[in-house]
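**Q** Residue numbers (this note's numbering): 73 to 327.
Just so you know, even glycine gets a beta-carbon here, dropped at the ideal spot from N, CA and C.
First the structure, then my questions, so here it is.
Structure follows, in structure tokens:
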């Protein structure tokens, strides 16, 4: 079965062009704005989203934030297209959870490779992390548990560049005492809070590696590790392969 992607852009010509290109390999849904996109998301299976940033109404940043804060959609990789190419803009994209950030005008082959990498990477992460997020295997998390998981992940991603995320502050943000917070994390993640934070850092790092836009040194800084050496050791311990081998594997699988 073809993977399903959603393309969002208020430029009809670009929307039609991208749709024609990606229909060769994927099942494609198109939307001219975020409202139409949200309607499609509620009805269709979508495995990756490509969105322009500058759109009337809800812009691409806001749409990405909505997706990444939703327990129903936050697993979907998001590629943002923009005319801005500053480091600050890229950080803004990371803060809302974007998985790749591509400047216009772009080479269509580059965008195609980004999409292919992210879909392969998402499958790898899903296979690796299956069973880690909720201890009640075979059961969907409750609404409160889903809200806790989304809030926990949101806080970590918003502070991901900080190598010393304060567990006590995180507990306060989740409106819990330290003891209650630790018990909740242990129950849902089957990990300590520090281990859960590390897993979110590394899964975001894997997404950034798949995007193939940053050096390992940059990725280590962007995900809160003190050095590329520390990052590489943590990554290998989690995924059982080094960052360079991980990237090589993605490159082989998409050919």
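Less than 6 Å between the CB of residue 324 and some heavy atom of the ligand ZN, yes or no?
**A** By its list of ligands, the structure shown contains no ligand whatsoever, and the ligand ZN lies outside what it can speak to.
**Q** Relative to the alpha-carbon of residue 118, which residue among 129, 178, 73, 262 has its alpha-carbon at the smallest distance?
**A** It is 73.
**Q** Looking at the unbroken alpha helix (DSSP H) that takes in residue 217, where does it start and where does it end?
**A** Its alpha helix (DSSP H) spans residues 215–230.
**Q** Might you give, ordered along the chain, the residues of its own chain that have their beta carbon closer than 7 Å to the beta carbon of residue 256, omitting 5 neighbours on each side?
**A** Same-chain partners within the cutoff: 220, 248.
**Q** Could you work out which residue in 134, 189, 187 is closest to residue 165 when comparing CA atoms only?
**A** The candidate whose alpha carbon is nearest that of residue 165 is 134.
**Q** For residue 154, report the span of its alpha helix (DSSP H) as first-last.
**A** Per DSSP, residue 154 belongs to no alpha helix (DSSP H); it is in the beta strand (DSSP E), 150–154.
**Q** How many angstroms separate the CA atom of residue 207 from the CA atom of residue 261?
**A** Annotation note: pLDDT 43 at residue 207 (below 50); position unreliable, coordinate value reported separately. Roughly 7 Å separates the two Cα atoms.
**Q** Give the single residue among 126, 114, 93, 193 whose Cα lies nearest to the Cα of residue 274.
**A** For residue 274, the nearest C-alpha among the options comes from 193.
**Q** How is the beta strand (DSSP E) around residue 120 delimited, first residue to last?
**A** That run of the beta strand (DSSP E) goes 120–124.
**Q** Taking the Cβ atom as the reference point for each residue, do residue 152 and residue 114 lie within a distance shorter than 7 Å?
**A** In this structure, residue 114 does not lie closer than 7 Å to residue 152 by Cβ.
**Q** Among 243, 279, 277, which residue has its Cα nearest to the Cα of residue 264?
**A** Looking at the Cα atoms, 243 is the closest of the given residues.
**Q** Where are the alpha helix (DSSP H) runs, 4 residues long or more, that stay fully inside the region 258–285, in chain order?
**A** Listed in chain order, they are 265–283.
**Q** Starting from the Cα of residue 269, find the closest Cα among 298, 308, 77, 224 and give me that residue.
**A** Checking every option, the nearest Cα to that of residue 269 belongs to 224.
**Q** Buried or exposed: where does residue 202 fall if 16 or more other Cβ atoms within 10 Å of its Cβ makes it buried?
**A** Note that residue 202 scores 48 on pLDDT, short of 50, meaning its location in the model is unreliable; the coordinates nonetheless yield the value given after this. Exposed, since its Cβ has fewer than 16 Cβ neighbours within 10 Å.
**Q** Going by DSSP, which residues form a beta bridge with residue 173?
**A** DSSP lists 152 as partners of residue 173.
**Q** Would the beta-carbon of residue 76 fall within 7 Å of that of residue 143?
**A** No, these two residues do not count as a Cβ contact at 7 Å.
**Q** Among 121, 128, 95, 92, which one has its Cα closest to the Cα of residue 105?
**A** The option with the nearest alpha carbon to residue 105 is 128.
**Q** Taking all protein chains shown into account, decide if residue 234 is buried (16 or more other Cβ within 10 angstroms of its Cβ) or exposed.
**A** Result: exposed.
**Q** What is the rounded straight-line gap between the Cα of residue 102 and the Cα of residue 250?
**A** Distance between the alpha carbons of residue 102 and residue 250 is about 45 Å.
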